[in-house]
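> In terms of UniProt numbering, the sequence shown is residues 1 to 179.
Glycine included, every Cβ here is placed at the ideal spot set by N, Cα and C.
Here it is: the structure, laid out below.
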Amino acid sequence: MGKASRDKRDIYYRKAKEEGWRARSAFKLLQIDEEFNIFEGVKRVVDLCAAPGSWSQVLSRKLYLPAKLSPDSREGDLPLIVAIDLQPMAPIEGVIQVQGDITNARTAEVVIRHFDGCKADLVVCDGAPDVTGLHDMDEFVQSQLILAVSIQFFIYELVFCLRQLLQYVILDGSYFCNK
Ligand SMILES: C[S@@+](CC[C@H](N)C(=O)[O-])C[C@H]1O[C@@H](n2cnc3c(N)ncnc32)[C@H](O)[C@@H]1O
């Protein structure tokens, strides 16, 4: 069976077309939210490996648009969604796009600048490198991608905690000396 006819028989492929999602993977994120309620209270979110953008669409529809349409919405209070991918993607309302490599520290710095020094409430990642068809190799490259990005987040979390600690222990005008 060809790929096109297989796709047409896939219920999620058809449903994604009907509901205007860019990819059927939108349903993965919707189902995760149904099970674990991950969007509750979320104001700042990062979508890693976002192209073509169905997860970002979910974030926009679930977080940004309801807040924007709410009668008491205020511009500065709207959820901030930052999406990153190596590939460019078509615009999505309420989503800031960053084209870059998620394993690169400079990409993390761009995201942090968008959040104005605040931490994200939620990070979602659907990253997948190009597959070679060699399962062992593909699995290894996939796990390296997740490992690389986890280390990045661990380092930034550590730096954030250290900053908080310094703010707590140092009074205005004091000095901190380290060697
Ligand atoms: C399965 S797709 C993501 C689908 C997306 N979640 C959606 O719902 O539309 C995997 C994406 O991972 C991206 N990717 C792979 N390695 C990356 C990296 N190092 N940095 C940024 N994006 C990466 C690819 O460009 C690809 O767009």
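1) Under the three-state reduction of DSSP, which class applies to Ile84: helix, strand or coil?
2) Near Ser54, what residues of its chain come up, given a Cβ to Cβ distance below 6 Å and the 5 sequence neighbours on each side ignored?
3) What are the start and end residues of each continuous beta strand (DSSP E) run of 3 or more residues lying completely inside the segment 80-157, in chain order?
4) For the alpha helix (DSSP H) holding Val46, just list the boundary residues, first then last.
5) Three Cβ pairs or more, each shorter than 8 Å: is that satisfied between the segment 90-101 and the segment 56-71?
6) What does a CB cutoff of less than 8 Å around Val45 pick up in its chain, not counting 5 residues either side in sequence?
7) Comparing the CB of Ser54 with every heavy atom of ligand 1, is any distance shorter than 6 Å?
8) Measuring straight from C-alpha to C-alpha, what distance separates Glu34 and Ala50?
9) Within the same chain, show all residues whose beta-carbon is closer than 7 Å to that of Phe115, passing over the 5 residues directly before and after it, in chain order.
10) In terms of alpha-carbon separation, which member of Asp126, Gln142, Ala108 lies closest to Phe154?
11) Let me know the secondary structure DSSP gives Trp76 once reduced to three states.
12) Out of Gly133, Gly117, Gln144, which has the shortest C-alpha to C-alpha gap to Glu157?
On the basis of the coordinates in this document:
1) Here Ile84 sits in strand by DSSP.
2) Once the five neighbours on either side are set aside, the close Cβ partners of Ser54 are Trp21, Arg22, Ala23, Ser25, Ala26.
3) For the segment 80-157, whole beta strand (DSSP E) runs of length 3 or above, ordered along the chain, are 80-85, 95-99, 122-125.
4) For Val46, there is no enclosing alpha helix (DSSP H); the residue is found in the beta strand (DSSP E) stretching over 44-48.
5) The segment 90-101 and the segment 56-71 touch, with no fewer than 3 CB-CB distances between them shorter than 8 Å.
6) Spatial neighbours of Val45 in its own chain (CB-CB distance under 8 Å, excluding positions within 5 residues in sequence) are listed in chain order as Leu59, Leu63, Pro79, Leu80, Ile81, Val82, Ala120, Asp121, Leu122, Val123, Val124.
7) True, at least one ligand heavy atom lies under 6 Å from that Cβ.
8) About 20 Å.
9) In chain order, Arg44, Leu80 place their CB closer than 7 Å to the CB of Phe115, counting only its own chain and leaving out the 5 sequence neighbours on each side.
10) Checked all of Asp126, Gln142, Ala108; the closest Cα to Phe154 is Ala108.
11) One detail in the question is off: residue 76 reads as Gly in this sequence, not Trp. Reduced to three states, the DSSP call for Gly76 is helix.
12) Per the Cα distances, Gly117.
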